[in-house]
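Protein chains: 2
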Amino acid sequence: MSASDTSSAMRVVDIHTHMYPPSYICILESRSTIPLVRSFSQDPNPRLILLQTEVKVLEEATRDAAASPPGRPLTSHYASLAQKIHFMDTHHIDISVISLANPWLDFLDPSESGQMAESVNNEFSTMCGQHPSRLYFFGTLPLTATLDTVLSSISHLKDLKYCRGVILGTSGLGKGLDDPNLLPIFEALAAAQLTIFLHPHYGLPNEVWGPRSSEYGHVLSLALGFTMETTIAVTRMYLSGVFDKVRQLRMILAHSGGTLPFLAGRIESCIMHDGQLVREGRVGKNRRTVWDVLKEQVYLDAVVYSEIGLRAAIDASGADRLMFGTDHPFFPPLTTDEQGEWESVSLNAAAVAKAVGDGSAQAKAIMGGNAIDILRLDEDA
Amino acid sequence: MSASDTSSAMRVVDIHTHMYPPSYICILESRSTIPLVRSFSQDPNPRLILLQTEVKVLEEATRDAAASPPGRPLTSHYASLAQKIHFMDTHHIDISVISLANPWLDFLDPSESGQMAESVNNEFSTMCGQHPSRLYFFGTLPLTATLDTVLSSISHLKDLKYCRGVILGTSGLGKGLDDPNLLPIFEALAAAQLTIFLHPHYGLPNEVWGPRSSEYGHVLSLALGFTMETTIAVTRMYLSGVFDKVRQLRMILAHSGGTLPFLAGRIESCIMHDGQLVREGRVGKNRRTVWDVLKEQVYLDAVVYSEIGLRAAIDASGADRLMFGTDHPFFPPLTTDEQGEWESVSLNAAAVAKAVGDGSAQAKAIMGGNAIDILRLDEDA
Numbered sequence: 001m002s003a004s005d006t007s008s009a010m011r012v013v014d015i016h017t018h019m020y021p022p023s024y025i026c027i028l029e030s031r032s033t034i035p036l037v038r039s040f041s042q043d044p045n046p047r048l049i050l051l052q053t054e055v056k057v058l059e060e061a062t063r064d065a066a067a068s069p070p071g072r073p074l075t076s077h078y079a080s081l082a083q084k085i086h087f088m089d090t091h092h093i094d095i096s097v098i099s100l101a102n103p104w105l106d107f108l109d110p111s112e113s114g115q116m117a118e119s120v121n122n123e124f125s126t127m128c129g130q131h132p133s134r135l136y137f138f139g140t141l142p143l144t145a146t147l148d149t150v151l152s153s154i155s156h157l158k159d160l161k162y163c164r165g166v167i168l169g170t171s172g173l174g175k176g177l178d179d180p181n182l183l184p185i186f187e188a189l190a191a192a193q194l195t196i197f198l199h200p201h202y203g204l205p206n207e208v209w210g211p212r213s214s215e216y217g218h219v220l221s222l223a224l225g226f227t228m229e230t231t232i233a234v235t236r237m238y239l240s241g242v243f244d245k246v247r248q249l250r251m252i253l254a255h256s257g258g259t260l261p262f263l264a265g266r267i268e269s270c271i272m273h274d275g276q277l278v279r280e281g282r283v284g285k286n287r288r289t290v291w292d293v294l295k296e297q298v299y300l301d302a303v304v305y306s307e308i309g310l311r312a313a314i315d316a317s318g319a320d321r322l323m324f325g326t327d328h329p330f331f332p333p334l335t336t337d338e339q340g341e342w343e344s345v346s347l348n349a350a351a352v353a354k355a356v357g358d359g360s361a362q363a364k365a366i367m368g369g370n371a372i373d374i375l376r377l378d379e380d381a
Numbered sequence: 001m002s003a004s005d006t007s008s009a010m011r012v013v014d015i016h017t018h019m020y021p022p023s024y025i026c027i028l029e030s031r032s033t034i035p036l037v038r039s040f041s042q043d044p045n046p047r048l049i050l051l052q053t054e055v056k057v058l059e060e061a062t063r064d065a066a067a068s069p070p071g072r073p074l075t076s077h078y079a080s081l082a083q084k085i086h087f088m089d090t091h092h093i094d095i096s097v098i099s100l101a102n103p104w105l106d107f108l109d110p111s112e113s114g115q116m117a118e119s120v121n122n123e124f125s126t127m128c129g130q131h132p133s134r135l136y137f138f139g140t141l142p143l144t145a146t147l148d149t150v151l152s153s154i155s156h157l158k159d160l161k162y163c164r165g166v167i168l169g170t171s172g173l174g175k176g177l178d179d180p181n182l183l184p185i186f187e188a189l190a191a192a193q194l195t196i197f198l199h200p201h202y203g204l205p206n207e208v209w210g211p212r213s214s215e216y217g218h219v220l221s222l223a224l225g226f227t228m229e230t231t232i233a234v235t236r237m238y239l240s241g242v243f244d245k246v247r248q249l250r251m252i253l254a255h256s257g258g259t260l261p262f263l264a265g266r267i268e269s270c271i272m273h274d275g276q277l278v279r280e281g282r283v284g285k286n287r288r289t290v291w292d293v294l295k296e297q298v299y300l301d302a303v304v305y306s307e308i309g310l311r312a313a314i315d316a317s318g319a320d321r322l323m324f325g326t327d328h329p330f331f332p333p334l335t336t337d338e339q340g341e342w343e344s345v346s347l348n349a350a351a352v353a354k355a356v357g358d359g360s361a362q363a364k365a366i367m368g369g370n371a372i373d374i375l376r377l378d379e380d381a
């Protein structure tokens, strides 16, 4: 029976769900600049500090034991596999496609990153093997290493039974995803049928948030910085021709594409009305538009927290290209038990039900069927 | 007969349409840094250079007469009232609410801006008087001047017969629109029933576009920079409590809110899940959400170039809060006659027809009825 058969029971798949394995947390604990893990007397949990916007809060808390601690509590949700399974059971998630969370291995010395990638990918592979048919994973590439090392890592991932793709940040080799030096990597991923899960980390420069931004917690950098970063990264890829040059490239965009479904029309109009691009003959009749790429090479997760955004995402890419996700272990409930239901999850599940109808064929597809088909999660069932 | 009576013929109102009156162009011609107007041997038209992303192209063209000229041709569309009326007639636009284009008076020395605002606002007022019942305008504030000067300017605008609001950039007094020093200005505008038309100019810092951005013309800064800038500005206003503090404030957001309709769900979730905001008791039950503000204090133009984005905007704010616009004189056709129809206009008109049905009551409202009601364009008819 096909996973997308609408008469079948719904299976829920979470394709946006992270872990920091213990070996990775050790690296973060050894660091003195963000990203890092550090303990403060203000909090029984160690704190995980990821965002560049947190530099000032980190400095304050280091100086003054009465100041608010920076970052977020590093609870068992970040590193414990048992906790991941408990979370899945609590939310009726049948399958999770787990991935290392940001900032992956982007900050490692080139001499370390190849070995660390191998170790992290093996660790994810082992975790999946402990829960066959419930766990798959997106691997991590050692992007600070040499091209040969990155290509070896892709070969390694191709042979790991539960690996279905790689999670990728927007910095690439350091110059963004429109860097032509990434093309052999994109080609190798496409040839290995490894889907890219594009995920933000770097946000926007602090100056855009203004002098009062510390009053707004993490809202600006997480709600706007992350989504805008993803949109910029994909648009740069599109404009540089990556999607034409590597036609078999497949890419899942985090947070329903950041803002791409909403902005695609304006991007297209700006291209058609750009003097330079028209002079250079780049706006010809056979051009594949942003809309074409959204329907042919891009998938979107359904992590957008409202039916209004989700409907735009569905209209842009198609209901057969959206895939449910939770963003666990981020956004835990702050006023209810962390072991119970998470509102950040139910918000996204409710958005699916509202956008396409609770229990509808499209809802089943978005909640799990699409992921099973697209990421071949039935292959060893 | 009410403008929103669906049995009446459709009247088309353009609320997003700019002019640079000759006196303003003189200022731009006298400048040596962006924004500026300058002639190059490469182009018979003077060139209008507005964007910080154009610094390098400007330098190159200044050094090398064979290099591509920076900016865009400053055609008669920018300064000629006759041309504006011709454009309106060509596109069956009954009424235009004209406004000075970016960057307004944001760059003027404080000693000059008060007088320049008065002169520019009088110039717009005179233009409207030459075409009664066809032209209204949004005035311009001298934001680099003293508070008293700004408040005097608001009093002046309140008395100008065809003025219906002010156009405002995102820098405010230099620190963004969440600056508490702006509150008396917002209060004065609300008391005078002058609607703010919030418009981007500053985009995002050049570094986010990466080392290859010059290959992409103006696409990144106009399609993404402008829309993200607006979204950030409004979100900062929301988080600082401006909309609660000045409940009568009314604001039209350019480009259908930038990306706000798509991101409002994520903004709300990030607020609910922010440790700092929850600790500070800022996420209480009676909080007015971003959605509430979108439906109560914000209007959106319909300049989004696709029915997918437009539908999200309508779902977020309501079909009675959307207003058609053209962005004339920007985005002229590049391969057809500038005196004929502009595709940048027809794209947005088609989006309305596709989103709510050609000729429907909602289409009539968005194409003109809403603007007539909201901006009181029938008052002196």
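Taken in order, these protein sequences are the chains called A and B. Sequential numbering from 1 applies to the first sequence in the UniProt record's numbering. Sequential numbering from 1 applies to the second sequence in the UniProt record's numbering. In this text, a Cβ means the ideal position worked out from N, Cα and C, and glycines have one as well. Note that the structure is predicted; figures quoted are calculated from it, not measured.
When DSSP reads this structure, B:Leu36 sits in a beta bridge with B:Ile49.
Cβ neighbours of B:Ala264 within its own chain (closer than 7 Å, five residues either side excluded): Val290, Trp291, Leu294, Ala316. Taking all protein chains in view, the Cβ of A:Ala302 is crowded by 16 or more other Cβ atoms within 10 Å, so the residue is classified as buried.
For B:Ser155, the secondary structure class from DSSP, reduced to helix, strand or coil, is helix. The Cβ neighbour count for A:Thr90, taken over all protein chains shown within 10 Å, is under 16; the residue is labelled exposed. Ranked by Cα distance from A:Leu100, the first of A:Ala82, A:Gly169, A:Leu58, A:Gln276 is A:Gly169.
Proximity of B:Phe243 to chain A, defined by a Cβ-Cβ separation below 9 Å, is not satisfied. At least one C-beta of chain A is nearer than 9 Å to the C-beta of B:Thr235. Closest option to B:Ser214, judged by alpha-carbon separation, among A:Arg236, A:Leu198, A:Ser214: A:Arg236. Per DSSP, the unbroken beta strand (DSSP E) holding B:Ile95 starts and ends at 95-100. By a beta-carbon distance limit of 8 Å, A:Thr53 contacts A:Ser221. Their separation comes to about 5 Å. Residue contact check for B:Tyr216 against chain A: a CB pair falls below 9 Å. At least one C-beta of chain B is nearer than 9 Å to the C-beta of A:His255.
Secondary structure at A:Thr126: helix, using DSSP grouped into helix, strand and coil. In this model, B:Met19 and B:Leu36 are separated by some 15 Å (Cα to Cα).
Between A:His16 and the set A:His273, A:Pro332, A:His328, the nearest pair of CA atoms involves A:His328. Taking C-beta separations shorter than 8 Å and ignoring five residues to either side along the sequence, the partners of A:Ser152 in its chain run Gly114, following chain order. Residues of chain B whose Cβ lies closer than 7 Å to the Cβ of A:Gly357 do not exist, since the nearest Cβ in that chain is about 16 Å away. Residue B:Glu229 holds the alpha-carbon nearest to the alpha-carbon of B:Gly203 among B:Pro184, B:Ala188, B:Glu229, B:His218. Counting along the chain, the unbroken beta strand (DSSP E) around B:Met251 starts and ends at 251-253.
In the three-state scheme derived from DSSP, where H, G and I count as helix and E and B as strand, B:Tyr299 is classed as strand. Of all residues in the region 303-332 of chain A, only Val303, Val304, Tyr305, Ser306, Glu307, Ile308, Gly309, Leu310, Arg311, Ala312, Ala313, Asp315, Ala316, Phe330, Phe331, Pro332 come within less than 9 Å of chain B when Cβ atoms are compared, listed by chain position.
Sequence-distant Cβ neighbours of B:Phe243 in its own chain, meaning closer than 6 Å and more than five residues away, are Val293, Gln297. The beta carbon of B:Ala145 is closer than 7 Å to those of Pro110, Ser113, Gly114 in its chain, skipping five residues each way along the sequence. With distances taken between CA atoms, A:Leu198 lies nearest to A:Ala254 out of A:Ser269, A:Thr149, A:Ala254.
A Cβ-Cβ contact shorter than 9 Å links B:Ile98 with B:Tyr136.
Within the same chain, Arg236, Met237, Ser240 come within 6 Å of B:Asp178 by CB-CB distance, once the 5 residues on both sides are set aside.
Counted as a single uninterrupted DSSP element, the stretch harbouring A:Tyr136 is not any alpha helix (DSSP H) but the beta strand (DSSP E) occupying residues 135-140. When rounded, the separation of the alpha-carbon atoms in A:Phe226 and B:Ser30 is 40 Å. Any Cβ of chain B closer than 9 Å to the Cβ of A:Glu268 would place that residue at the interface, and such an atom is present. With contacts defined as CB atoms closer than 9 Å, B:Ile167 and B:Phe186 fail to qualify as a contacting pair. From the listed residues A:Ala188, A:His92, A:Pro332, the smallest Cα separation to A:Arg247 is found for A:Ala188. Along the region 190-211 of chain B, going in chain order, the ones with a CB nearer than 8 Å to a CB of chain A are Leu204, Pro205, Glu207, Val208, Trp209, Gly210, Pro211. Interface criterion not met: the Cβ of B:Ala349 is under 9 Å from no Cβ in chain A. Per DSSP, A:Met367 lies in no beta strand (DSSP E) and is assigned neither H nor E. Under the Cβ distance rule, B:Pro261 counts among the residues neighbouring chain A, one pair being separated by less than 9 Å.
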